Structure formats: structure tokens, C-alpha cells
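Participant: One structure, pasted below without further comment.
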């Protein structure tokens, strides 16, 4: 045997698994091209929870600045989120959560 198995829970293997998730986003055929572009930009990770996007959950496009804004569908204004993460961002009224969303760049004030 040339290599020992890697454990995703060990810190010394973290970089390997981050690269693996990012590569999966580049090479997937499971999602539409516009979502694929965002997945690659986000290194294959959900902007809210930080878990891999391609884990079997439904994915949704989130507008950082609302849809009524000019150029709202520009790539820089979109985030790809798991459906449950998107619902959390959309319907959450807790001021601490909203502050976290702003800090993560998921929502912006206009």
C-alpha cells in the first residue's frame, strides 16, 4: 500500500478535503451552468453553513441585494445556498442572525 487513508475530521487533512470539494464543484454535471459558476466561485461551499453544496440538498439562488435592484442577477449579487439555508436567510428576523448574514456578505443594505 502506498498511501494511508485520509480522515476528514483531522486538521492535517483539512486542506485536501477543501480542494476535493472545490474540484467536485468544477466537475459536476448535476446542476445548471449558472449555478455551477457560483459553486466554483464559492469553492463548492454554502455561503451560510459552510458545508459542501453538492451533498444532495436542493440549491437555490439568493440575491444579496434584492431583486428590485439594478443588475440584481449579476454574478456578484448572487449566492448559491442550500434550500434550508436560503429559507433561514429569507425569513429570519433575529437581529443577531441578520448581523451575521451581513458579516458573511449574504445580505447588504442598499
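Numbering (the numbering used here), first residue to last: -2 to 107.
Where is the CB? At the ideal position from N, CA and C, for every residue including glycine.
No experiment lies behind these values; they were computed from the predicted model shown.
Going by C-alpha to C-alpha distance, which of 35, 3 and 89 sits closest to residue 72?
Facilitator: Here the closest residue by C-alpha is 35.
Participant: Check this for me: beta carbons of residue 78 and residue 43, under 7 Å apart or not?
Facilitator: Yes; because the gap between Cβ atoms is below 7 Å, this pair is in contact.
Participant: Contact between the stretch 4 to 17 and the stretch 57 to 72: three or more CB pairs below 8 Å?
Facilitator: Result no; under three Cβ-Cβ pairs closer than 8 Å.
Participant: Does the Cβ-Cβ distance between residue 41 and residue 61 come in under 7 Å?
Facilitator: Not a contact, by the Cβ cut-off of 7 Å.
Participant: Which of the three DSSP states is assigned to residue -2 in this structure?
Facilitator: Its pLDDT being 47, under 50, residue -2 is placed unreliably in this model, and the value from its coordinates should be taken loosely. Three-state result, residue -2: coil.
Participant: I think residue 32 touches residue 56, with their Cβ atoms under 8 Å apart; what is that distance to the nearest whole Å?
Facilitator: So it is a contact: roughly 6 Å between Cβ atoms.
Participant: Identify which residue in 13, 30 and 83 has its Cα closest to the Cα of residue 54.
Facilitator: Ranking 13, 30 and 83 by Cα distance to residue 54 puts 83 first.
Participant: Can you tell me whether residue 76 is buried or exposed? The criterion is at least 16 other CB atoms within 10 Å of its CB, across all chains shown.
Facilitator: So residue 76 counts as buried.
Participant: Going by Cα to Cα distance, which pick from 29, 38 and 30 is closest to residue 16?
Facilitator: It is 38.
Participant: What did DSSP end up calling residue 5 once you bin it into helix, strand or coil?
Facilitator: Looking at residue 5 - three-state DSSP - the assignment turns out to be coil, as it is neither helix nor strand.
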